[in-house]
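Have a look at the structure below, then the notes.
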Amino acid sequence: MSDATCRRPLRISLPKGRLADDVARHLRAGGLDVPDFSASRQLTLRTADGTQEYIQSKPTDVPTFVVHGGADIGFSGLDTLREEGVDVLEPFTLPIGICRISLAGPPAWRDVDLHLKDHLRVATKYTRLASDWFVSQGINAEVIKLNGSVELAPLTGLSDLIVDLVETGRTLQANGLVELQHVLDSRVVIIVNRSASRLRENEVNRFLGCVRPGSPGA
Amino acid sequence: MNTENTLPAGGARRPEATNRRHLPLGVREYLWQDARLRQQLETAVNRTFRTWGYNTVILPMFEFGDMLTTRTHAATHDRLYRFLDMEGRTLILRPDMTAAVARLVGTRLAGMEGPFRFCYAGSVFRHEETSGLEYQQEFRQAGIELVGSADAMADAEILACMAAGLNACNLSDFRIVVGHADYYGGLLDALGPQPSDARQLRWAMHRKSEHALARFVESCRPSPRQRATLENLLTLQGADVAGLLERAAGFCLNRRMESALRNLRELTELLDAYGILERVTLDLAEYRNLEYYTGTTFEFLLPDSAAVAGSGGRYDGLIGKFGRSRPAVGGILHLDRLVRAVHANQAPQALSPKPPLCLVGQTKSGVALESIGKLRQQGLDIVVHTDPLSESGILDMGRSLEARVVADWCDQTQFFHVLACALPEYVGPMDLSRFEQLLEGLQRTELSVPEQSTTRMAGDDV
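Chains Y and R are the protein sequences, given in the same order.
With the numbering used here applied, the first sequence closes on residue 220, and no number is skipped along the way.
With the numbering used here applied, the second sequence closes on residue 466, and no number is skipped along the way.
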């Protein structure tokens with residue numbers, strides 16, 4: 003069987019930050035022995051039985067690790083996955099990390115037909131995702147990259163609108179912005195390296211079986 | 005033309021390219037051991053192909069654009085390298101070899117009976133989409149095409165022959181993923197969806213996304229039988245080939261899907277006979293270029309490599325677009341990726357030129373050069389230094405090249421003076437015939453510093 007020829011344990015890439023706790027809780031509920039990264043300074047940790055190795059990285063790097071085969075399986079937000087645009091398998095989503103990516107701006111923009119605007123400027127950290135969406139909507143927009151505090155852009159005149167992640171909407175409200183349109187409904191998605199799904203079929207399927215929503219334990 | 009608005013060649017946006025080591029993205033440059041390795045792999049693969057009766061064909065690097073694009077590359081036409089000839093006609097750098105073979109067979113060989121077996125090696129050029137995995141524009145391929153047989157035996161031969169090629173490179177740990185264009189094609193026939201819907205289904209199949217598939221199922225309102233097929237589509241993959249084929253039979257919606265399974269059943273029996281069935285993963289939700297492939301499709305994977313090592317399939321419709329129609333099947337191996345696979349199995353290695361057997365100081369003597377010429381004909385590699393050097397200079401040069409013998413020719417005595425030798429007792433003057441014996445002996449016994457190069461391969465005649 004092919005799985006026997008692989009030299010290292012199945013490697014799973016977990017995101018740091020916002021999604022870390024939810025993902026770890028979901029995996030443990032599925033009966034997986036996820037090591038506790040907060041108790042160690044190591045970046046890779048193996049399970050007690052040595053069959054799995056977990057790595058933790060910036061959420062935006064999870065798809066990169068998986069597409070290159072640095073990890074076989076990863077947990078990513080759909081927002082991050084679409085932004086990174088990598089070619090991986092995405093068998094199913096999990097009911098965690100639920101949020102949406104929205105187009106937002108000052109309330110006056112509610113009545114504006116964006117298709118008619120000549121030079122719309124939009125600040126976002128999701129430049130690829132936003133550009134793709136504007137193209138699909140037939141809206142001409144100039145996308146400006148920001149790495150954080152995106153709400154500042156319309157307040158300072160840097161941009162007309164923003165495309166950003168919305169969880170509760172409170173940050174928008176506090177800055178006098180309103181949601182204008184839904185761009186993407188995001189949640190955690192499990193991603194699998196294309197080759198690993200063939201070369202480590204059994205291990206991957208066993209792992210997916212533990213994580214699949216609705217499976218016993220999960 | 006308004007020259008004021010015309011930028012100088014290369015554009016003024018970038019600073020002058022001062023770094024001359026800079027290459028365009030996606031091309032490869034190999035030195036020394038690496039170059040030798042790729043050549044060895046290419047030789048090993050091609051030698052294997054020839055032992056299966058495949059004849060080398062040499063194909064042009066570029067062709068007329070309208071010849072290839074409209075017939076074969078409609079789906080990928082935006083990824084081709086185009087340029088113009090003197091008369092303004094569009095030329096394209098070959099994006100693959102199969103289309104050129106199809107053109108050749110469909111036109112020049114139309115009058116001959118088949119079957120034809122062709123093998124080739126060379127570069128093909130494509131703007132590869134940056135799927136995040138790898139950016140490549142020049143691909144070195146070695147491939148085979150078997151033209152004139154519609155029998156599953158031909159598909160099996162291609163797979164077995166490519167497998168033998170990988171074995172000859174000591175890369176025997178491969179996996180073959182086999183799919184069939186007619187299973188998906190038949191499913192599309194049965195559903196009869198709008199083109200945009202088909203795109204959604206293809207996306208779901210490509211990403212193995214249950215989520216996207218469920219959305220497609222909702223949108224296309226299938227009959228209960230169609231629904232069952234669709235909902236199980238992503239589960240029809242794995243290494244349990246026999247079990248899968250049996251299960252898939254329950255989800256056939258028409259003759260086309262049934263015939264795909266019949267064809268795959270026959271193929272897997274033959275792959276079993278060839279002894280490679282245990283390497284096969286079946287995937288009925290595999291979707292590959294449908295304009296091109298009409299039957300089995302396949303990919304070769306190597307461990308610890310995310311990029312496919314080889315691919316191919318049956319293309320019964322292609323040759324007919326150029327002339328007399330014939331069934332055909334073929335596949336290619338990506339030589340650059342085989343190089344990487346070999347490297348993945350080794351510790352990194354410092355690159356250096358291959359040490360010559362012998363370094364001779366500058367000599368213009370016809371007698372000496374004739375003697376050296378004779379030795380070279382026997383396959384001994386001898387470097388004659390082209391510039392004058394002192395004795396210590398040529399010794400230093402010999403050490404840095406790691407030559408096994410360093411010698412100077414003495415015009416007065418008509419002797420070779422051996423200055424350094426792997427067998428120190430031979431240092432000193434000697435006549436032509438003793439010198440020749442020494443080098444032949446050294447070559448035979450390989451008493452040298454063992455060559456750092458890789459494992460010897462079946463085609464190791466470089």
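Backbone N, C-alpha and C fix where the C-beta goes; we use that ideal spot for every residue, glycine too.
Strand pairing of Ala125/Y, partner residues [DSSP]
On the first sequence, position 123 is the one that residue 125/Y refers to. Its beta-bridge partners are Ile146/Y, Ile164/Y.
By how many angstroms is the C-alpha of Thr285/R removed from the C-alpha of Gly247/R?
In the second sequence, residue 247/R corresponds to position 243, counting from 1. In the second sequence, residue 285/R corresponds to position 281, counting from 1. Cα-Cα distance, rounded: 12 Å.
Start and end of the beta strand (DSSP E) containing Gln145/R?
In the second sequence, residue 145/R corresponds to position 141, counting from 1. Here the beta strand (DSSP E) through Gln145/R covers 142-151.
Report the residue from Gln139/Y, Pro108/Y, Arg196/Y, Gly216/Y whose alpha carbon sits nearest the alpha carbon of Gly76/Y.
Taking the first sequence and counting its residues from 1, the one referred to as residue 76/Y is at position 74. Nearest of Gln139/Y, Pro108/Y, Arg196/Y, Gly216/Y to Gly76/Y, Cα basis: Arg196/Y.
At what residues does the alpha helix (DSSP H) containing Gln43/R begin and finish?
Position 39 of the second sequence, counting from 1, holds the residue named residue 43/R. Per DSSP, Gln43/R belongs to the alpha helix (DSSP H) from 36-55.
If you draw a straight line from the alpha carbon of Glu203/Y to that of Ser133/Y, how long is it in whole angstroms?
For this step, residue 203/Y is matched to residue 201 along the first sequence. For this step, residue 133/Y is matched to residue 131 along the first sequence. Whole-angstrom Cα-Cα distance: 36 Å.
What residue range is occupied by the uninterrupted alpha helix (DSSP H) comprising Met434/R?
For the purposes of this step, residue 434/R is identified with residue 430 of the second sequence, where counting begins at 1. Segment 432-434 is the beta strand (DSSP E) holding Met434/R; no alpha helix (DSSP H) there.
Residue from Asn59/R, Pro28/R, Gln441/R, Tyr188/R with nearest C-alpha to Phe420/R:
Within the second sequence, the letter at position 416 stands for residue 420/R. Of the listed residues, the one whose Cα sits closest to Phe420/R is Gln441/R.
Are there 16 or more other CB atoms within 10 angstroms of the CB of Arg283/R, so buried, or fewer, so exposed?
Taking the second sequence and counting its residues from 1, the one referred to as residue 283/R is at position 279. Flag for Arg283/R reads buried.
Start and end of the alpha helix (DSSP H) containing Gln58/Y?
Here residue 58/Y is taken as the residue at index 56 of the first sequence, counted from 1. That residue, Gln58/Y, is in no alpha helix (DSSP H); its beta strand (DSSP E) goes 54-59.
Just to make sure I have the definition right: I need the residues of chain R whose C-beta is within less than 7 Å of the C-beta of Pro93/Y. Which are they?
As a first step, residue 93/Y must be located in the first sequence, where it is residue number 91. Chain R residues near Pro93/Y: Lys212, Ser213, Glu214.
Can you tell me whether Pro37/Y is buried or exposed? The criterion is at least 16 other CB atoms within 10 Å of its CB, across all chains shown.
Here residue 37/Y refers to the residue found at position 35 of the first sequence. Buried: at least 16 other Cβ atoms inside 10 Å.
Helix, strand or coil for Asn59/R, going by three-state DSSP, please let me know.
Mapped onto the second sequence, residue 59/R falls at position 55. If DSSP states are grouped into helix, strand and coil, Asn59/R belongs with the strands.
Does Pro352/R get closer than 9 Å to chain Y when you measure Cβ to Cβ?
Here residue 352/R corresponds to residue number 348 of the second sequence, with the count starting at 1. No, Pro352/R does not count as interfacial toward chain Y.
With which residues is Gly126/R paired in a DSSP beta bridge?
Locating residue 126/R in the second sequence gives position 122, where the first residue counts as 1. Partner(s): Gln145/R.
Closest Cα partner of Asp38/R within the set Tyr319/R, Tyr124/R, Pro352/R:
Stepping through the second sequence from its first residue, residue 38/R is reached at position 34. The shortest C-alpha separation from Asp38/R is found at Pro352/R.
Supposed contact pair Pro331/R and Ser153/R - C-beta distance, whole angstroms, cut 8 Å:
One-based indexing of the second sequence puts residue 153/R at position 149. One-based indexing of the second sequence puts residue 331/R at position 327. Right, the Cβ-Cβ distance comes to about 6 Å (below 8 Å), so this counts as a contact.
I need the DSSP call for Ala104/R, collapsed to helix, strand or coil.
What you label residue 104/R is simply residue 100 of the second sequence in a count that begins at 1. Ala104/R: helix per DSSP, three-state reduction.
Can you list, in chain order, the residues of its chain with a C-beta nearer than 7 Å to that of Ser369/R? Leave out the 5 residues immediately preceding and following it.
In the second sequence, the residue the question calls residue 369/R occupies position 365. Closer than 7 Å at Cβ, skipping near neighbours: Trp413, Asp415.
Look up Ser104/Y in the DSSP assignment and give the residues it is bridged to.
Your numbering for residue 104/Y matches position 102 in the first sequence. Paired residue(s): Asp166/Y, His184/Y.
Would Ala310/R count as contacting chain C if we go by Cβ distances under 9 Å?
The chain inventory of the structure shown lacks chain C, comprising the protein chains Y and R.
Collapsed DSSP secondary structure at His184/R in the structure displayed
As a position in the second sequence, residue 184/R is number 180, starting the count at 1. Reduced to three states, the DSSP call for His184/R is strand.
Can you name the residues that DSSP bridges to Thr285/R?
Counting from 1 along the second sequence, the entry for residue 285/R is found at position 281. Thr285/R is bridged to Val181/R.
Could you tell me whether the segment 428-436 of chain R touches the segment 380-398 of chain R, using the rule of 3 or more Cβ pairs below 8 Å?
no
Run through chain R and tell me which residues come within less than 7 Å of Arg102/Y, C-beta to C-beta.
Residue numbering aside, residue 102/Y sits at position 100 when the first sequence is read from its first letter. Those do not exist, as Arg102/Y stays about 16 Å from chain R at its closest Cβ, beyond 7 Å.
Check whether the segment 65-72 of chain Y touches the segment 301-312 of chain R, counting contact only when three or more Cβ pairs, one atom from each stretch, lie closer than 8 Å.
yes
Rounded straight-line distance, which links the Cα of Arg32/R to that of Asn258/R:
Residue mapping note: residue 258/R aligns to position 254 of the second sequence, counting from 1. Residue mapping note: residue 32/R aligns to position 28 of the second sequence, counting from 1. Taking the straight line joining both Cα atoms gives about 47 Å.
Alpha carbon to alpha carbon, how far is Leu192/R from Arg266/R? Give it in angstroms, no decimals.
By 1-based counting over the second sequence, the position of residue 266/R is 262. By 1-based counting over the second sequence, the position of residue 192/R is 188. Whole-angstrom Cα-Cα distance: 18 Å.
What are the start and end residues of each continuous beta strand (DSSP E) run of 3 or more residues lying completely inside the segment 173-258 of chain R, in chain order?
179-184
Which bits of chain R does Asn195/Y rub up against, with CB to CB less than 9 Å?
As a working mapping, residue 195/Y is identified with position 193 in the first sequence. Here the neighbours are Ala310.
On the DSSP letters alone, give me the boundaries of the beta strand (DSSP E) that Gly316/R sits inside.
Taking the second sequence and counting its residues from 1, the one referred to as residue 316/R is at position 312. Counting along the chain, the beta strand (DSSP E) containing Gly316/R begins and ends at 314-318.
Across the segment 88-107 of chain R and the segment 54-74 of chain R, are there enough close Cβ pairs to call them in contact, namely three or more that are closer than 8 Å?
yes
Could you compute how far the alpha carbon of Gly463/R sits from the alpha carbon of Thr60/R?
Within the second sequence, the letter at position 459 stands for residue 463/R. Within the second sequence, the letter at position 56 stands for residue 60/R. Legend: pLDDT at Gly463/R = 44, less than 50; position of this residue unreliable, value from coordinates given subsequently. Each residue's alpha carbon lies about 16 Å from the other.
For Gly219/Y and chain R, any beta-carbon pair shorter than 9 Å?
Walking along the first sequence from the start, residue 219/Y turns up at place 217. In this predicted model, Gly219/Y has a pLDDT of only 45, less than 50, meaning its place in the structure is not dependable enough to derive any value.
Mark Ile62/R as exposed unless 16 or more other C-beta atoms lie within 10 angstroms of its C-beta, in which case mark it buried.
Indexing the second sequence from 1 puts residue 62/R at position 58. Per the 10 Å Cβ criterion, exposed.
Roughly how many angstroms lie between the CA atoms of Thr7/R and Thr298/R, to the nearest whole one?
On the second sequence, residue 7/R is found 3 positions in, with the first residue counted as 1. On the second sequence, residue 298/R is found 294 positions in, with the first residue counted as 1. With a pLDDT of only 41 at Thr7/R, under the threshold of 50, the placement of this residue in the model should not be trusted; the figure read from the coordinates follows. The alpha-carbon atoms of Thr7/R and Thr298/R are separated by roughly 51 Å.
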